[in-house]
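Let me begin by presenting the structure, written as structure tokens, before commenting on it.
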């Protein structure tokens, strides 16, 4: 059974701090790892990572994947209160035939205090 | 970017009735759509993979006779919760797409069964 583990489960920081969120996985037929941000509604896409060692960056957020060690990290620098959300890590893997499916971790609840 | 819509966004129904939730891909065709369920403070759990023109693939532990999925066109999948019970109250989210661009999530449907 595919497994995705995120840590920490929750984190409280002050505005301006830098945070690192972790995601480790055990899946067969790995295709990609994705990070999502979820506030009150459905998740919004942040990054998709398929290749090891290549950093993806978008503003203050960045992420990197290590396919050998089976983990990824999501960094947020100079955090703002608007970054408060649940950050979900998901791994996309083949589920049979030509289908792929996502397995989600439990998420990291990030709270950024002013 | 790709847009996925869901309708209704909220629904309250009485125990024993059935509820239909629609998921539409608005600007692309989706041969595969996914249905997730999310309980409060928990992660997204894949319920089933909906394939256009064929039967849905259900995850272990999900009753296919209770959660009926129909994917009749390339832009529409429906999830019908039959004979709903209070324990079916949850946030139901669909997604579509995949491959190089990840999955695009609908805004979700909050179901409350009284």
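Residue numbers (our numbering), protein chains in the order written: chain A, 133 to 246; chain B, 3 to 116. All C-beta atoms, glycine included, are put in the ideal place defined by N, C-alpha and C.
Chain-ordered neighbours of residue i on chain A, where CB pairs are closer than 9 angstroms
i, result
"residue 82 of chain B", "None at all; the shortest Cβ gap to chain A is about 20 angstroms."
"residue 55 of chain B", "Those do not exist, as residue 55 of chain B stays about 14 angstroms from chain A at its closest Cβ, beyond 9 angstroms."
"residue 95 of chain B", "173, 174, 175"
Residue from the options whose Cα sits closest to the Cα of residue i
i, options, result
"residue 60 of chain B", "B:45, B:11, B:104, B:81", "B:81"
"residue 24 of chain B", "B:88, B:87, B:41, B:69", "B:69"
"residue 91 of chain B", "B:10, B:14, B:8", "B:14"
"residue 44 of chain B", "B:94, B:115, B:52, B:99", "B:94"
"residue 19 of chain B", "B:88, B:98, B:5, B:66", "B:88"
"residue 2 of chain B", "B:85, B:9, B:63", "Since the displayed chain B opens at 3 and closes at 116, residue 2 of chain B lies outside it and no answer follows."
"residue 154 of chain A", "A:177, A:219, A:148", "A:219"
"residue 189 of chain A", "A:133, A:157, A:167", "A:167"
"residue 140 of chain A", "A:163, A:185, A:238, A:234", "A:238"
"residue 246 of chain A", "A:213, A:143, A:185, A:232", "A:213"
"residue 67 of chain B", "B:49, B:41, B:113", "B:49"
"residue 191 of chain A", "A:147, A:158, A:208", "A:208"
Pair within 8 angstroms by beta-carbon distance, residue i and residue j
i, j, result
"residue 240 of chain A", "residue 138 of chain A", "yes"
"residue 161 of chain A", "residue 225 of chain A", "yes"
"residue 30 of chain B", "residue 105 of chain B", "no"
"residue 28 of chain B", "residue 11 of chain B", "no"
"residue 216 of chain A", "residue 242 of chain A", "yes"
"residue 34 of chain B", "residue 52 of chain B", "yes"
"residue 195 of chain A", "residue 206 of chain A", "yes"
"residue 145 of chain A", "residue 151 of chain A", "yes"
"residue 32 of chain B", "residue 99 of chain B", "yes"
"residue 210 of chain A", "residue 110 of chain B", "no"
"residue 176 of chain A", "residue 164 of chain A", "no"
"residue 2 of chain B", "residue 21 of chain B", "No information on residue 2 of chain B is available, as it lies outside the stretch 3 to 116 that chain B covers here."
Within chain B, partners of residue i - CB distance below 8 angstroms
i, result
"residue 220 of chain A", "45, 46"
"residue 227 of chain A", "51, 59"
"residue 233 of chain A", "36, 48, 51"
"residue 239 of chain A", "45"
Segment limits, beta strand (DSSP E) that includes residue i
i, result
"residue 73 of chain B", "69-75"
"residue 105 of chain B", "105-107"
"residue 78 of chain B", "78-83"
"residue 86 of chain A", "For chain A, the structure presents residues 133 to 246; residue 86 of chain A sits outside this window and is missing."
"residue 40 of chain B", "34-40"
"residue 58 of chain B", "Where residue 58 of chain B is concerned, there is no enclosing beta strand (DSSP E), given that its DSSP letter is neither H nor E."
"residue 8 of chain B", "6-9"
"residue 245 of chain A", "240-245"
"residue 99 of chain B", "92-99"
"residue 50 of chain B", "47-53"
"residue 190 of chain A", "188-190"
"residue 13 of chain B", "12-15"
"residue 170 of chain A", "162-170"
Neighbouring residues, chain B, relative to residue i (Cβ below 7 angstroms)
i, result
"residue 236 of chain A", "45, 46"
Residues that residue i bridges to, as DSSP identifies them
i, result
"residue 141 of chain A", "In the DSSP output, where bridge partners are listed per residue, residue 141 of chain A has none listed."
"residue 226 of chain A", "A:232"
"residue 154 of chain A", "A:139, A:205"
"residue 31 of chain B", "None, per the DSSP bridge assignment."
Contact set between residue i and chain B, taken where Cβ atoms lie within less than 9 angstroms
i, result
"residue 166 of chain A", "104, 105"
Contact list for residue i against chain A, beta-carbon separation under 8 angstroms
i, result
"residue 110 of chain B", "173, 174"
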